[in-house]
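Encoded as structure tokens, the structure appears first; notes follow it.
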Amino acid sequence: MSNTQGTFELTVIAVVIVLPSLVGIVAYLLVPRSLRDFARKNATRYDGSFSQRRWERELRARWRYLGSVTIVPLLIMMPLAVVAALMHQWVVPVDLAVAAMERFDPDTEKWKENLKDPSEGGIGAAHHAWADSSGLSPEVAATWQHSLWQAWPVVIAGGLVTLVICLLMTAQVYNRAFGQYHEGVVARSREYLEVDLARIAVDSGATDVS
2 MSNTQGTFEL
12 TVIAVVIVLP
22 SLVGIVAYLL
32 VPRSLRDFAR
42 KNATRYDGSF
52 SQRRWERELR
62 ARWRYLGSVT
72 IVPLLIMMPL
82 AVVAALMHQW
92 VVPVDLAVAA
102 MERFDPDTEK
112 WKENLKDPSE
122 GGIGAAHHAW
132 ADSSGLSPEV
142 AATWQHSLWQ
152 AWPVVIAGGL
162 VTLVICLLMT
172 AQVYNRAFGQ
182 YHEGVVARSR
192 EYLEVDLARI
202 AVDSGATDVS
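Residue numbers (our numbering): 2 to 211.
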């Protein structure tokens, strides 16, 4: 059981890290090439010289944009991962939960029989065996089974609602973050142009005086 526990914990950690990272990658790929080129051009002065300071400023703006997009799935995944880990350790192992869902039947009585049937894996007996090995009393294991049986529609509905909320919030944050990033690139371009033209005017005035 310890191997299963360790594997599950690693899987949870991987999901918490990988999913927000994938969201960040998608957010980066959704930035139009023209806008990425625009941001790169901001690092080039009007006279064609490269500005390291401006380039670093553009990179910071891009990282702020990506960080804003990835923070929502990260904040949602972390508490969900904690709940999943606690459920896995104290309520039902994730492999048994998956096996139970694989034997799902719209007829609740048929589903109960599937969970009890040894030819279907004997999920109920396997859960009792897991409870014994985990130090849970048969009464507690039976209570958990009864509670899970009563609550599974709510759990599934809650999971779907959470998924929809996560997607909607991520989309909303993305739209706002992308708009701010786009406006920032354009605003910095105007700022840099004004600075460069002012510098050229000063240099030209100095040349004329000399």
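Each residue gets a CB set at the ideal place from its N, CA and C atoms; glycine is no exception.
Neighbour flag for residue i against chain C, beta carbons, 7 Å
i    : result
R200 : Chain labels in this structure do not include chain C; a single protein chain is all it has.
Buried versus exposed, by CB contacts within 10 Å (16 or more), residue i
i    : result
T71  : buried
A44  : buried
A98  : buried
S3   : At S3, the pLDDT of 48 sits below 50, so the modelled position is not reliable and the matter cannot be decided from this model.
H147 : exposed
G125 : buried
M78  : buried
R191 : exposed
Check: residue i C-beta below 6 Å from any heavy atom of the ligand NAD
i   : result
S35 : You won't find the ligand NAD in this model; it holds no ligand whatsoever.
Residue i and residue j closer than 7 Å at C-beta
i    : j    : result
G122 : A158 : no
V13  : A86  : yes
V73  : M170 : yes
R46  : D197 : yes
Residues near residue i in its chain [Cβ-Cβ closer than 6 Å; skip 5 each side]
i    : result
V210 : Unreliable positioning characterises V210 in this predicted model, as indicated by a pLDDT of 42, which lies under 50. The coordinate reading is nonetheless provided below. Result list for V210: empty, nothing under 6 Å.
Pick from the options that is closest to residue i, judged by C-alpha positions
i    : options                : result
L137 : W91, G68, D48, Q151    : W91
V141 : V93, D38, N115, G49    : V93
S35  : A199, E192, V187, E195 : V187
Own chain, CB closer than 7 Å to residue i, minus 5 neighbours either side, in chain order
i    : result
L1   : Examination of residue 1 is not possible in this model, given that the chain is present from 2 through 211 alone.
L75  : P21
K113 : none
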